[in-house]
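> Chains as they are written, first to last, in this note's numbering: chain L, 269 to 476; chain V, 269 to 476. Built from N, CA and C at the ideal position, the CB exists for glycine as well. Before I ask anything, here is the structure I am working with.
2 protein chains.
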Amino acid sequence: MDVPEVVVERLPRYLRSLTQLLQGGTEVVNSQQLGELLQVTSAQIRKDLSYFGRFGKQGRGYNIRNLIEQLRHILGLDRTWNVALVGVGRLGRAIISYPGFQPEGFRVVACFDADSSVVGQTVGGLTIQPTSDLAGGLAKEHVQIVIVAVPSAHAQEVIDVLVSAGIKSILNYAPVATQVPPDVRIRNIDPVLAFQSMTYYLTPPDVS
Amino acid sequence: MDVPEVVVERLPRYLRSLTQLLQGGTEVVNSQQLGELLQVTSAQIRKDLSYFGRFGKQGRGYNIRNLIEQLRHILGLDRTWNVALVGVGRLGRAIISYPGFQPEGFRVVACFDADSSVVGQTVGGLTIQPTSDLAGGLAKEHVQIVIVAVPSAHAQEVIDVLVSAGIKSILNYAPVATQVPPDVRIRNIDPVLAFQSMTYYLTPPDVS
DNA sequence: GCTTGTGAAGACCTTCACAGCA
DNA sequence: TGCTGTGAAGGTCTTCACAAGC
Chain L
269 MDVPEVVVER
279 LPRYLRSLTQ
289 LLQGGTEVVN
299 SQQLGELLQV
309 TSAQIRKDLS
319 YFGRFGKQGR
329 GYNIRNLIEQ
339 LRHILGLDRT
349 WNVALVGVGR
359 LGRAIISYPG
369 FQPEGFRVVA
379 CFDADSSVVG
389 QTVGGLTIQP
399 TSDLAGGLAK
409 EHVQIVIVAV
419 PSAHAQEVID
429 VLVSAGIKSI
439 LNYAPVATQV
449 PPDVRIRNID
459 PVLAFQSMTY
469 YLTPPDVS
Chain V
269 MDVPEVVVER
279 LPRYLRSLTQ
289 LLQGGTEVVN
299 SQQLGELLQV
309 TSAQIRKDLS
319 YFGRFGKQGR
329 GYNIRNLIEQ
339 LRHILGLDRT
349 WNVALVGVGR
359 LGRAIISYPG
369 FQPEGFRVVA
379 CFDADSSVVG
389 QTVGGLTIQP
399 TSDLAGGLAK
409 EHVQIVIVAV
419 PSAHAQEVID
429 VLVSAGIKSI
439 LNYAPVATQV
449 PPDVRIRNID
459 PVLAFQSMTY
469 YLTPPDVS
């Protein structure tokens with residue numbers, strides 16, 4: 269049985285709300301309550317979870333502590349992941365100093381830049397390495413996930429190197445259409461695209 | 269006839285690739301070629317565009333210049349939009365100094381922070397206003413879109429103020445599940461969630 | 001001849017609704 | 001009684017495949 273990608277993408281959201289509930293002192297939740305928190309139907313939550321097992325108890329709901337542990341295991345979050353950053357410009361520096369990755373088990377262990385005038389500088393405790401050493405540096409640090417924050421014009425060439433270095437997960441901040449083989453997963457963070465689709469709904473339809 | 273939301277979300281991508289093609293000197297493109305660039309089937313592009321009109325010519329394809337203009341009009345991108353930022357911390361400052369919004373017609377015209385020690389400071393040519401004046405400040409500057417970059421714990425209360433001030437489009441950077449009425453559109457930018465679903469595919473399935 | 005635009009078919013995802021169990 | 005887990009039904013989105021038209 270294979271799990272739809274949309275389902276996998278919802279699991280981290282469930283996990284986050286469950287963690288929040290637990291911190292608030294709640295120990296048990298049912299699919300209805302969790303759904304209200306997440307703006308999702310209760311049936312969807314139950315169906316999503318059913319792809320992975322039977323975690324609830326009829327008549328009661330889900331033990332939050334247990335469900336969190338199960339989800340963390342399913343998603344592979346019960347270990348740490350090594351992340352590298354390519355492109356240490358303004359955006360890259362903001363990303364590397366973002367304190368939200370570490371507590372979730374993502375460690376930024378290497379960073380790279382093509383500009384030789386910044387190579388050798390230290391950022392967030394890491395020495396900037398030249399992009400020409402990308403493949404070697406990734407292997408040395410056992411990197412599994414790479415953040416791309418280079419100018420759009422160079423994004424595809426960087427991604428090609430990552431792919432040939434065997435990287436399967438990429439988080440791309442460059443605002444450009446990129447191409448990767450089907451076995452490589454790429455997520456794009458692109459606030460401008462988000463804006464550009466929202467304006468559609470702000471624009472009254474033409475009556476012309 | 270109403271247009272599926274997924275379709276609207278793809279249009280800005282089409283627009284971007286078309287712009288890139290035009291800059292490269294191409295004047296005409298067919299759905300096949302555009303699809304290869306965007307990793308989308310040609311049928312999908314034709315179907316998507318057909319929700320809005322008939323922009324192509326059989327046997328030839330699409331005139332890029334014309335299609336760009338049409339898409340910009342459909343999406344409401346043939347005008348400028350006023351954007352405000354709430355939360356001028358590290359992340360907020362990175363966002364406000366991001367040079368990618370302006371050229372696309374999005375002008376950041378106001379920024380707000382709850383911390384009275386930064387209120388009155390100037391960031392990117394804007395004076396930081398107190399969050400307590402949020403509703404008034406938004407109206408004064410005719411803001412249509414708001415970027416939320418406050419700590420998670422305060423995101424929902426800020427969003428509630430935005431909603432009651434009549435804002436219909438929100439870009440939220442706080443890593444938290446938020447609730448808005450159905451007529452308000454909220455997009456979440458959340459790199460940690462992106463990571464957390466990618467690790468699923470990096471994690472070999474349990475054989476236990 | 002080549003490519004669009006589009007009904008129809010198919011795939012995929014969500015919701016329903018209820019048997020089964022605590 | 002209350003809520004889960006899940007087949008079946010329903011809805012939405014994607015792809016097919018071809019008539020129409022440049």
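With residue 444 (chain L) and residue 352 (chain L) assumed to form a contact (beta carbons below 8 Å), what rounded beta-carbon distance in angstroms separates them?
Incorrect: roughly 20 Å between the Cβ atoms, too far for contact.
> Per DSSP, what kind of secondary structure is residue 270 (chain L) in: helix, strand or coil?
It is coil, neither helix nor strand.
> Quick one, which of L:375, L:473 and L:467 has its alpha-carbon nearest residue 347 (chain V)'s?
L:467
> If we count the other Cβ atoms within 10 Å of its Cβ and call it buried at 16 or more, is residue 417 (chain V) buried or exposed?
buried
> So is residue 508 (chain L) in contact with chain V if we call contact Cβ pairs under 9 Å?
There is no way to answer for residue 508 (chain L), as the model of chain L reaches only from 269 to 476.
> Say whether the stretch 386-399 of chain L touches the stretch 330-342 of chain L, bearing in mind that this needs 3 or more beta-carbon pairs closer than 8 Å, one atom from each stretch.
In this structure the stretch 386-399 of chain L does not touch the stretch 330-342 of chain L; the number of beta carbon pairs closer than 8 Å is below three.
> Tell me the DSSP secondary structure of residue 364 (chain V) in three-state form.
helix
> May I have the straight-line CA-CA distance separating residue 288 (chain V) from residue 278 (chain L), to the nearest angstrom?
If I take the Cα positions, the gap works out to 33 Å.
> Classify residue 381 (chain V) as helix, strand or coil using the three-state DSSP reduction.
strand
> Give a yes or no on whether 9 Å exceeds the smallest Cβ distance from residue 471 (chain L) to chain V.
The Cβ of residue 471 (chain L) sits closer than 9 Å to at least one Cβ of chain V.
> Taking 7 Å as the limit between beta carbons, can you name the residues of its chain near residue 310 (chain V), skipping five residues before and five after?
299, 300 and 303
> Return helix, strand or coil for residue 345 (chain V), following the three-state DSSP convention.
coil
> Return the CA-CA distance between residue 429 (chain L) and residue 360 (chain V), expressed in angstroms with no decimal places.
Cα to Cα, the separation comes out at about 32 Å.
> Start and end of the alpha helix (DSSP H) containing residue 429 (chain V)?
Residue 429 (chain V) -> alpha helix (DSSP H) spans 420-432.
> Would you kindly check if the distance between the Cβ of residue 439 (chain V) and the Cβ of residue 433 (chain L) is under 9 Å?
no
> Looking at C-alpha atoms only, which residue of V:285, V:446 and V:315 is the closest neighbour of residue 306 (chain L)?
V:446
> Using a Cβ-Cβ cut-off of 8 Å (strictly less than) and excluding sequence neighbours within five positions of residue 321 (chain L), which residues of its own chain qualify?
Answer for residue 321 (chain L): 338, listed in chain order.
> Whose Cβ in chain V lies nearer than 8 Å to the Cβ of residue 309 (chain L)?
Within 8 Å of the CB of residue 309 (chain L), no CB atom of chain V is found; the nearest one sits about 14 Å away.
> If you drop the 5 nearest sequence neighbours on each side, which residues of the same chain put their C-beta closer than 6 Å to that of residue 382 (chain V)?
Counting only Cβ-Cβ distances below 6 Å, and skipping sequence neighbours, we find 399.
> With 16 as the cutoff for other CB atoms within 10 Å, does residue 274 (chain V) come out buried or exposed?
exposed
> DSSP state of residue 397 (chain L), grouped into three classes?
strand
> Less than 8 Å between the CB of residue 371 (chain L) and some heavy atom of the ligand FMN, yes or no?
You won't find the ligand FMN in this model; it holds no ligand whatsoever.
> In angstroms, rounded to a whole number, what distance separates the CA positions of residue 373 (chain L) and residue 328 (chain V)?
So the two alpha carbons sit approximately 52 Å from each other.
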